[in-house]
Amino acid sequence: MTVLSVRNLQVAFGAVAPLSGVSFDVAKGETLGIVGESGSGKSLTAMAVMGLLPLAGGRITAGSITFDGQELTTLTEKAYRRLRGGRIGLITQNPMTSLDPLQCIGPQVDAVAVLHLGMTAREARARTVEILGTLRIPDPATICDRYPHQMSGGMKQRIVIAMALAADPDVLVADEPTTALDVTVQAQIIRLLDDLVKSRDLALILITHDMSVVAQTCDRVVVMYAGRAVEQGPVGDIFDAPQHPYTQALIGCIPRGLDDGARLTGIAGTVPTVLNYPPGCPFHPRCDRAEEVCASIVPELEPNATGAVACHLPGVAP
Ligand code: SF4
Ligand code: MG
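Okay, so the sequence shown: first residue is 0 according to numbering that gives the first Met the number 0, each after it adds one.
Structure follows, in structure tokens:
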């Protein structure tokens, strides 16, 4: 069942439009990946969904975001505050943007259930201890009396996940949740999120620049480039037969194991910044398939057999 839908989302900061034409759906019990290089608009999409754009000086200029049948783009900040951290949770890359360094862990997590579920302090603490246990945090009752700086990066990120879960959300938005962590801890956190999606029937929007994370965890994926969704579909189809040259390039960057030299090759050319998005297809200066039409006409996202693609000359790589 689809719980969150984004349609033709456009975002502007003054005269600059860093997002245009972003569309996707996410269902309960499903992980949707949003993938792209940095600067592609992934985090802005997350901010738009969380209703955080106005606080950063941006606004939604077109399109819609519906959650559980309710239009979010017209919500007041007051109404959004009830949703945010409540039915829609956010996990960011740096746990310290969510944690207060001066307050112990327990009260920080408790506060979420007090605010959003109307629990008493005692009820909230019991719930905190239970959630920390679910997240495989050893000795949760003791951890409640610790300060964030007494914990490792991986543990801090688990606490942030606990805060996001405390209000029993329907949707969790995770923006590069493992990027700041070392590889082993990354894998643990990814597995944990995966378990939570299944056991709590959560809809998870996982934002990442890493195609191998998408391959491991996502059911469906949206590929973003220069503020647009350029391809989307089930992960199996996207990896087996990517139709967009940019998706093909991203998949080509996944290191194939240590034997291969495990180099992250990267895609030739530079990522356009929002101040110089190319006309036509934004990928055309880097695309070896580009033809004349690509430099002048923006390809729209057109549905195909299992997903959608925005390219004048879609098809698997020759
Ligand atoms: Fe390449 Fe043209 Fe497709 Fe853009 S529209 S990805 S430039 S072939
Ligand atoms: Mg980002």
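Glycine included, every Cβ here is placed at the ideal spot set by N, Cα and C.
Please report how far the alpha carbon of residue 71 lies from the alpha carbon of residue 52, in whole angstroms. Rounded to the nearest whole angstrom, the CA to CA distance from residue 71 to residue 52 is 12 Å.
Helix, strand or coil: how does DSSP classify residue 316 here? Correct three-state label for residue 316: coil.
What do you get for residue 105, buried or exposed, if any count of 16 or more other CB atoms within 10 angstroms of its CB means buried? Classification for residue 105: buried.
Residue 304 burial status per 10 Å Cβ neighbour count (16 or more: buried): Burial is judged here by how many other beta carbons sit within 10 angstroms of a residue's own beta carbon; residue 304 has fewer than 16 and is exposed.
Below 8 Å on the Cβ atoms is my contact criterion, and I expect residue 272 with residue 38 to pass it. Report the Cβ-Cβ distance as a whole number of Å. 6 Å between Cβ atoms; contact.
Out of 32, 19, 166 and 111, which one is the CA nearest neighbour of residue 199? Of the listed residues, the one whose Cα sits closest to residue 199 is 166.
Start and end residues, alpha helix (DSSP H) containing residue 124: Segment 120-133, the alpha helix (DSSP H) holding residue 124.
Classification of residue 172 by the beta-carbon crowding that lies within 10 angstroms, buried from 16 upward: By the 10 Å Cβ count, residue 172 comes out buried.
Under a three-way DSSP split, which group does residue 4 fall into? Correct three-state label for residue 4: strand.
For the segment 16-30 against the segment 226-239, do three or more pairs of beta-carbon atoms, one drawn from each stretch, fall closer than 8 Å, so that the two count as touching? Counting Cβ pairs under 8 Å, three or more are found: they touch.
Three-state secondary structure (DSSP) at residue 108? Helix, per DSSP.
Would the segment 89-103 and the segment 141-149 be scored as touching if the rule is three or more Cβ pairs under 8 Å? Of all C-beta pairs linking the segment 89-103 to the segment 141-149, three or more are shorter than 8 Å, placing the two stretches in contact.
Under the three-state reduction of DSSP, which class applies to residue 74: helix, strand or coil? Residue 74 falls in the coil class under three-state DSSP.
Residue 277 beta carbon near the ligand SF4 (any heavy atom closer than 7 Å): The answer is no for residue 277.
With 16 other Cβ atoms within 10 Å as the buried cut-off, status of residue 43: Around the beta carbon of residue 43, 16 or more other beta carbons lie within 10 angstroms, which makes this residue buried.
Hey, is residue 282 close to the ligand SF4, as in C-beta under 7 Å from one of its heavy atoms? Checking the 7 Å criterion, the Cβ of residue 282 is within range of a heavy atom belonging to the ligand SF4.
Going straight from the alpha carbon of residue 260 to that of residue 249, what length do you get? Only weak support exists for where residue 260 lies, its pLDDT of 44 falling under 50; the coordinates are left without a value.
The ligand GDP heavy atoms versus the CB of residue 289: any closer than 7 Å? Looking for the ligand GDP in the displayed structure turns up nothing; the ligands present are the ligand SF4 and the ligand MG.
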